[in-house]
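S.K.:
In the numbering used here, the protein residues as written are 131 to 447.
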């Protein structure tokens, strides 16, 4: 591997490692991805400066990369502006620039390495093989509109088939490719998925409850669902709908919790339906956040994604 490739594959973990004590995991994840994109841009500029006759090739590479990575880079920049103060942001930019200047100070050894690099970028514009980088780029590409990740085809399908916690349950749902599948602690939760490759504050849960005998034959209505909620949960909104042609019910709730002795809350959209004396719940949640924080904009941002997942759920009837 030529030096120019080596730099790009090492720069982003170096940046992340040096900043781990300062940032939360989501910000560190953004920094990793941003450092890689900055390194890629700097390496292209290096090729153009050292081999002027390759400038048309560099311009073509920049154009194709902008189509794939441009939105992600723009969203990361905006995200970091919101999350970091001016001093932190300036320090981060200086650190990335300093590392790039150090690593790119030496000339590219052979023109062949420059050609190889441009070829590699052409391949990368159609298929990013590094999992961590691809998850970061997808996460921030759709940071402003999470549902578009599925709509654009960046989707995995989770099936309960052969799942150890899903005996006699057959359910299939789409999940954005950048979300991380994780084991859940609650026995009723078959699987959970966390945004930003496990670094985000948003989750999708598949929960299935065996109904006690006294609830056999229950119909999902605003009254019956409200009676199932724990006292610390506030019912905000309800809506009848259908999931895989079965009668279903959507509720928006806000749950108050204690987190490290602080008063916090979680906002959830829960899509419920009944089958074979089981209550199925596809839950999209945001939080926990501070109890006085307004979650209206965040739930509005993620509601299209949560609804899309519920609308495409498939159940073996």
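Beta carbons: idealized from backbone N, C-alpha and C, even for Gly.
Assuming residue 230 is part of the beta strand (DSSP E), what are its boundary residues?
M.R.: Element bounds for residue 230: not the beta strand (DSSP E) but the alpha helix (DSSP H), 216 to 233.
S.K.: Answer with buried or exposed for residue 402, where buried requires no fewer than 16 other C-beta atoms within 10 angstroms of its C-beta.
M.R.: Label assigned to residue 402: buried.
S.K.: If you count every other CB in all the chains shown that lies within 10 Å of the CB of residue 273, and 16 or more means buried, which is it?
M.R.: Residue 273 comes out buried.
S.K.: Would you mind stating whether residue 417 and residue 335 have Cβ atoms separated by less than 9 Å?
M.R.: Against a cut-off of 9 Å, the Cβ pair of residue 335 and residue 417 comes out as no contact.
S.K.: Using CA coordinates, which residue listed in 156, 188, 442, 201 is at the minimum distance from residue 304?
M.R.: Among 156, 188, 442, 201, the Cα nearest to that of residue 304 is on 442.
S.K.: Looking only at its chain, what residues have a beta carbon closer than 6 Å to the beta carbon of residue 131, apart from the 5 residues adjacent to it on each side?
M.R.: Unreliable placement is indicated for residue 131, whose pLDDT of 46 sits below 50; the coordinate value is still reported in the next sentence. There are no such residues.
S.K.: With burial defined as no fewer than 16 other Cβ atoms inside 10 Å of the residue's Cβ, what is the status of residue 269: buried or exposed?
M.R.: It is buried - the Cβ of residue 269 has at least 16 other Cβ atoms within 10 Å.
S.K.: Measuring straight from C-alpha to C-alpha, what distance separates residue 220 and residue 200?
M.R.: For residue 220 and residue 200, the distance between alpha carbons rounds to 21 Å.
S.K.: Around the C-beta of residue 367, are 16 or more other C-beta atoms found within 10 angstroms, so that it is buried, or is it exposed?
M.R.: That one is exposed.
S.K.: So, with DSSP's three-state summary, where would you put residue 131?
M.R.: Here residue 131 scores only 46 on pLDDT, less than 50, and its place in the model should not be relied on; the value that follows carries that caveat. Reduced to three states, the DSSP call for residue 131 is coil.
S.K.: Within the same chain, show all residues whose beta-carbon is closer than 7 Å to that of residue 432, passing over the 5 residues directly before and after it, in chain order.
M.R.: Excluding sequence neighbours, residue 432 sits near 276, 332, 414, 416.
S.K.: Which residues in the same chain as residue 278 place their Cβ atom closer than 6 Å to its Cβ, once the five residues preceding and following it in sequence are excluded?
M.R.: Hits under 6 Å: 272.
S.K.: Does the pairing of the region 235 to 246 with the region 195 to 212 give three or more beta-carbon distances under 8 Å?
M.R.: Judged by Cβ distances under 8 Å, the region 235 to 246 makes no contact with the region 195 to 212, as fewer than three pairs qualify.
S.K.: Where do the N-terminal and C-terminal ends of the beta strand (DSSP E) with residue 333 fall, by residue?
M.R.: Residues 332 to 340.
S.K.: Distance, Cα to Cα, residue 393 vs residue 387?
M.R.: Going from the Cα of residue 393 to the Cα of residue 387 covers about 6 Å.
S.K.: Indicate whether residue 359 and residue 383 have their beta-carbon atoms separated by less than 9 Å.
M.R.: Contact: yes.
S.K.: Pull up the CB-CB distance for residue 409 and residue 339, whole angstroms please, since I reckon it's below 8 Å.
M.R.: Rounded, the Cβ-Cβ distance is 4 Å, consistent with contact.
S.K.: In chain order, what residues of the same chain lie with their CB nearer than 6 Å to the CB of residue 328, ignoring the 5 residues before and after it?
M.R.: Only 310 meet the Cβ criterion.
S.K.: For residue 304, which residues does DSSP report across the bridge?
M.R.: 287.
S.K.: Can you list, in chain order, the residues of its chain whose CB lies under 8 Å from that of residue 356, leaving out five sequence neighbours each side?
M.R.: Correct list, in chain order: 365.
S.K.: Taking the alpha-carbon positions, what's the residue 421 to residue 290 distance?
M.R.: Taking the straight line from one Cα to the other gives about 35 Å.
S.K.: Quick check on DSSP: helix, strand or coil for residue 415?
M.R.: Residue state, collapsed to three classes: strand.
S.K.: Under three-state DSSP, which class holds residue 246?
M.R.: The answer is helix: DSSP assigns residue 246 an H, G or I state.
S.K.: Could you tell me which whole beta strand (DSSP E) segments of length 3 or greater appear in the region 173 to 219?
M.R.: Segments of the beta strand (DSSP E) lying fully in the region 173 to 219: there are none.
S.K.: Helix, strand or coil: how does DSSP classify residue 348 here?
M.R.: Reduced to three states, the DSSP call for residue 348 is coil.
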